[in-house]
Amino acid sequence: MANDVSPEGLASQVPSDSDWQQRLDQLEMTCAYQQDTIETLNRTVGQQHQQLQLLQKQINILSDAFKSIKEEQTGLAGLKDLKDEAPPPHY
């Protein structure tokens, strides 16, 4: 005989209803855990996005401040240093 499996042997290979229920319960728990993880990650990404926006604003403010300081220094560099000038005639 090519097929030596008896009907009783086939029945032992088919999962029972309780086996299916255990597998279904495990899948539901896994799905619930994954949904919670996804929600947590979404909240974290949202918070990080807000933090990045705030940091970008702060960088822009600092960049503008540095530019204005540099412009002031460049403007002052064009002026003569008072100690290099000759004293006034009445001095």
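The working numbering puts the first residue of the sequence shown at 176, with every later residue one more than the last. By construction, the Cβ of each residue, glycine as well, lies at the ideal position given by its N, Cα and C atoms.
- Taking the CA atoms as reference points, Glu-214 sits about 15 Å from His-224.
- Our two residues, Pro-262 and Leu-251, have alpha carbons roughly 20 Å apart in a direct line.
- Taking C-alpha positions only, Leu-230 is separated from Val-220 by approximately 15 Å.
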